[in-house]
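Novice:
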Amino acid sequence: MQITAAVLHEPQGQLSFQTLELEAPRPREIRVRLFATGVCHTDISVMGRPFPVPQPIVLGHEGVGIVESVGSAVTKVKAGDRVVLSYNFCGECVSCQRHASSYCQYFFGHNFLGQRRDGSTALSYEGQPVRHQFFGQSSFATHCLCSENNAVKIPNSVPDEIFELLGPLGCGIQTGAGAVINVLKPQIGESFVVFGAGAVGMAGLMAAKAVGAAIRIAVDKVPERLKLATELGATHTIVADGQTDVVALIRDITGGGANCSLDTTAVSSVLRQALDCLGSLGRCGFVGGAPAGTTLEVDVRDMMLSGKTLRGIVEGDANADTFIPDLIRMQAQGNFPFEKLMKIYPFDAIKQAMEDSKSGVTVKPVLRMPAG
Ligand SMILES: [Zn+2]
Ligand SMILES: [Zn+2]
């Protein structure tokens, strides 16, 4: 069948809208008609720097839509099911078997190679292959093929106006909320600091409030974002203006150091602050796509004597099949208002949506696909 997609032809190139040919699903694949997709920072960073993703490729990895057809071996979903798409994984390696599928040993191959395991692509333009299955989906398109592993079924009881906003739960929102709920686990009354008040950081902040962290500090360079952070539950905000001693201020606010911190910036100097602002037995988590080879200098003696933990986190350690429905229930109860981060753009305004994400005007752009 023919689909419309935003195609990236070369690193640092512009996206162009093209009509492509999409194959029918193979036995273990499903075809989804996309209703909407979030724009994630990973999409933007992949476009902007050398990255091992062959081009041309269709990016996009926060899709939500309806299953149109399924391969003969698919059992998890059927045509007509509403689904959110998350990252892909093999489901069979040691990591996947232990329910830590975001650390799948074959994560790279399933999410970044842009082709099936046998080297074929389901997408093409005038007979030439177009890479897809970015994060197992490639959702900057009207339709995509994915595996049943990375499709999360959404109950029909979820209202349509919320349903079309659910795509980012498959990556950015799950990453921030999962880091807090599944890994850092702030206890009632504890303190939590988030560095970077983008979509991931805001999701972490809302989650920290939902689980009862009493002191919730947001740090960002952009004062406008901190206003929204306050609205979403920050008890304190700090503008990282280069003058303020952020670590000293946090130690002061928390009475000697924070219990938990989350770095979402992937900048080493900021991650070091996230570690240094902790008190005894503090837990620091970090997410985000730091360039390969990025290093961090750590005060080993301080870490040991204060019993600190530093933990890298992928996709919030979340099992998307259970975690995304949990987040939807929290939203329905008013405890996780992720809709406040989002703004809808038409699909053909994708460039504007990316610009607004980069400048911080919009925390989380969501592209609405043309009805089809
Ligand atoms: Zn695996
Ligand atoms: Zn992402």
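Residue numbers for the sequence shown follow the numbering used here, beginning at 744 and rising by one.
Glycine residues also receive a C-beta, built at the ideal position from the N, C-alpha and C atoms.
These numbers come from a predicted model, not from an experiment.
#1: Who are the Cβ neighbours of leucine 777 in its own chain at under 8 Å, not counting the five residues just before and after it?
#2: On the DSSP bridge assignment, give the partners of aspartate 963 in chain order.
#3: What does threonine 780 pair with, by DSSP beta-bridge criteria?
#4: With distances taken Cα to Cα, identify the nearest neighbour of serine 1102 among Glu869, Asn899, Ser890 and Ala940.
#5: Check each candidate in Leu1021, Glu764 and Pro898 and name the one with the smallest Cα separation from aspartate 995.
#6: On the three-state DSSP scale, how would you describe proline 1068?
#7: Cutting at 8 Å between CB atoms, please list the residues of its own chain near glutamine 745, excluding the five before and the five after it.
#8: Could you check if lysine 1051 is buried or exposed, using at least 16 other CB atoms within 10 Å of its CB as the buried criterion?
#9: Can you say whether valine 1104 is buried or exposed, counting buried as having 16 or more other CB atoms within 10 angstroms of its CB?
#10: In whole angstroms, what is the alpha-carbon distance linking histidine 842 and phenylalanine 878?
#11: Quick check: the Cα distance between valine 837 and threonine 1038, rounded to an integer number of angstroms?
#12: Among residues of its own chain, excluding the 5 on either side of threonine 1007, which ones have a beta-carbon nearer than 6 Å to its beta-carbon?
#13: State the beta-bridge partners of isoleucine 1087 as determined by DSSP.
#14: Roughly how many angstroms lie between the CA atoms of aspartate 1019 and alanine 1009, to the nearest whole one?
#15: Taking the straight line between their C-alpha atoms, what separation do you get for threonine 980 and lysine 821?
#16: Where does asparagine 1062 sit, in a helix, a strand or coil, going by DSSP?
#17: Rounded to a whole number of angstroms, what is the C-alpha to C-alpha distance between glutamate 933 and glycine 913?
#18: Using a threshold of 8 Å, is the CB atom of serine 844 nearer than that to any non-hydrogen atom of ligand 1?
#19: Identify, in the order they occur along the chain, each residue of the same chain with its Cβ nearer than 7 Å to the Cβ of glutamine 1095, setting aside the five sequence neighbours on each side.
#20: Taking 8 Å as the threshold, find out whether the stretch 850-860 comes into contact with the stretch 1065-1073 through three or more Cβ pairs.
#21: Which residue marks the beginning of the beta strand (DSSP E) containing lysine 896, and which one marks its end?
#22: Taking only heavy atoms of ligand 1 into account, decide whether any of them is closer than 8 Å to the Cβ of cysteine 847.
#23: Should phenylalanine 760 go down as buried or exposed, given a rule of 16 or more other Cβ atoms within 10 Å for buried?
#24: List the endpoints of the continuous alpha helix (DSSP H) containing valine 1043.
#25: Could you compute how far the alpha carbon of aspartate 963 sits from the alpha carbon of valine 775?
#26: Under three-state DSSP, which class holds alanine 977?
#27: On the DSSP letters alone, give me the boundaries of the beta strand (DSSP E) that glutamine 930 sits inside.
#28: At the 9 Å Cβ level, is phenylalanine 850 part of the contact set with chain B, yes or no?
#29: Would you grab the beta carbon distance between valine 965 and alanine 1017 for me? Rounded to a whole angstrom, and I think it's under 8 Å.
#30: Quick one: residues in its chain with C-beta nearer than 7 Å to the C-beta of lysine 1107, no 5 flanking neighbours on either side, listed in chain order?
#31: By the DSSP assignment, the alpha helix (DSSP H) with leucine 1018 in it spans what residues?
#32: Which class does leucine 835 belong to by DSSP, given the choice of helix, strand or coil?
#33: Determine the DSSP secondary structure at histidine 886, reduced to helix, strand or coil.
#34: Can you tell me whether leucine 971 is helix, strand or coil according to DSSP?
#35: Going by Cα to Cα distance, which pick from Cys833, His784 and Ile773 is closest to threonine 818?
#36: Tell me, to the nearest whole angstrom, how far the beta carbon of valine 826 is from that of valine 810; I am working on the premise that it is less than 8 Å.
Specialist: Well, looking at it:
#1: Mapped onto the sequence shown, residue 777 falls at position 34. If we look at leucine 777 and ignore the five residues flanking it on each side, its Cβ neighbours are Gly806, Val807, Gly808, Ser882, Ala884, Thr885, His886, Cys887 and Met1112.
#2: Here residue 963 refers to the residue found at position 220 when the sequence shown is read from its first residue. Residue pairing of aspartate 963 in beta bridges, as defined by DSSP: Val982.
#3: Looking up residue 780 in the sequence shown gives position 37. Beta-bridge pairing links threonine 780 to Gly806 and Leu1110.
#4: As a first step, residue 1102 must be located in the sequence shown, where it is residue number 359. Considering only alpha carbons, the answer is Ala940.
#5: Residue 995 sits at position 252 when you count from the first residue of the sequence shown. Aspartate 995 has its Cα closest to that of Leu1021, out of Leu1021, Glu764 and Pro898.
#6: Indexing the sequence shown from 1 puts residue 1068 at position 325. Proline 1068: helix per DSSP, three-state reduction.
#7: Along the sequence shown, read from residue 1 onward, the residue named residue 745 stands at position 2. Excluding sequence neighbours, glutamine 745 sits near Thr762, Leu763, Glu764 and Leu765.
#8: Here residue 1051 refers to the residue found at position 308 when the sequence shown is read from its first residue. By the 10 Å Cβ count, lysine 1051 comes out buried.
#9: One-based indexing of the sequence shown puts residue 1104 at position 361. It is exposed - the Cβ of valine 1104 has fewer than 16 other Cβ atoms within 10 Å.
#10: Looking up residue 842 in the sequence shown gives position 99. Looking up residue 878 in the sequence shown gives position 135. Histidine 842 and phenylalanine 878: Cα-Cα distance of roughly 18 Å.
#11: As a working note, residue 837 is residue 94 in the sequence shown. As a working note, residue 1038 is residue 295 in the sequence shown. If I take the Cα positions, the gap works out to 28 Å.
#12: Along the sequence shown, read from residue 1 onward, the residue named residue 1007 stands at position 264. Excluding its 5 nearest sequence neighbours in each direction, threonine 1007 has C-beta neighbours in its own chain below 6 Å: Gly939, Val943, Gly944, Val1030 and Gly1031, listed in chain order.
#13: As a first step, residue 1087 is located in the sequence shown; it is residue number 344 there, counting from the start. Answer is Val1109, bridged to isoleucine 1087.
#14: Here residue 1019 corresponds to residue number 276 of the sequence shown, with the count starting at 1. Here residue 1009 corresponds to residue number 266 of the sequence shown, with the count starting at 1. Going from the Cα of aspartate 1019 to the Cα of alanine 1009 covers about 16 Å.
#15: In the sequence shown, residue 980 corresponds to position 237, counting from 1. In the sequence shown, residue 821 corresponds to position 78, counting from 1. So the alpha carbons of these two residues sit roughly 46 Å apart.
#16: Here residue 1062 refers to the residue found at position 319 when the sequence shown is read from its first residue. Three-state result, asparagine 1062: coil.
#17: Counting from 1 along the sequence shown, the entry for residue 933 is found at position 190. Counting from 1 along the sequence shown, the entry for residue 913 is found at position 170. Cα to Cα, glutamate 933 sits roughly 28 Å from glycine 913.
#18: Working through the sequence shown from its first residue, we reach residue 844 at position 101. Indeed, a heavy atom of ligand 1 lies less than 8 Å from the Cβ.
#19: Against the sequence shown, residue 1095 aligns to sequence position 352. Excluding sequence positions up to five before and after glutamine 1095, its CB lies within less than 7 Å of the CB of Tyr1088, all in the same chain and listed in chain order.
#20: no
#21: The residue labelled residue 896 in the question sits at position 153 within the sequence shown. Segment 894-896, the beta strand (DSSP E) holding lysine 896.
#22: Here the question's residue 847 lines up with position 104 in the sequence shown. Checking the Cβ of cysteine 847 against ligand 1 gives yes.
#23: As a working mapping, residue 760 is identified with position 17 in the sequence shown. Exposed, because fewer than 16 other Cβ atoms sit within 10 Å of the Cβ of phenylalanine 760.
#24: Within the sequence shown, the letter at position 300 stands for residue 1043. Residues 1043-1048.
#25: As a working mapping, residue 963 is identified with position 220 in the sequence shown. As a working mapping, residue 775 is identified with position 32 in the sequence shown. Cα-Cα distance, rounded: 37 Å.
#26: Within the sequence shown, the letter at position 234 stands for residue 977. Looking at alanine 977 - three-state DSSP - the assignment turns out to be coil, as it is neither helix nor strand.
#27: Taking the first residue of the sequence shown as 1, we reach residue 930 at position 187. Per DSSP, glutamine 930 belongs to no beta strand (DSSP E) and is neither H nor E.
#28: No chain B appears in the structure shown, which is made up of a single protein chain.
#29: Within the sequence shown, the letter at position 222 stands for residue 965. Within the sequence shown, the letter at position 274 stands for residue 1017. Contact flag wrong, Cβ pair sits at about 18 Å.
#30: To locate residue 1107, count along the sequence shown from 1; it is residue 364. Excluding residues within five positions, the ones whose Cβ falls inside 7 Å are Gly781, Pro911, Gly915, Ala942, Leu1084 and Met1085.
#31: Walking along the sequence shown from the start, residue 1018 turns up at place 275. Where leucine 1018 is concerned, the enclosing alpha helix (DSSP H) stretches over 1011-1019.
#32: As a first step, residue 835 must be located in the sequence shown, where it is residue number 92. The amino acid at residue 835 is misidentified as leucine; the sequence shows glutamate. Coil.
#33: Translated into positions along the sequence shown, residue 886 becomes position 143. Note: histidine 886 maps to strand in three-state DSSP.
#34: Taking the first residue of the sequence shown as 1, we reach residue 971 at position 228. The three-state secondary structure of leucine 971, taken from DSSP, is helix.
#35: The sequence position of residue 818 within the sequence shown is 75, counting from 1. Residue Ile773 is the option with its Cα nearest to threonine 818.
#36: Here residue 826 corresponds to residue number 83 of the sequence shown, with the count starting at 1. Here residue 810 corresponds to residue number 67 of the sequence shown, with the count starting at 1. Valine 826 to valine 810, Cβ: 6 Å. Contact.
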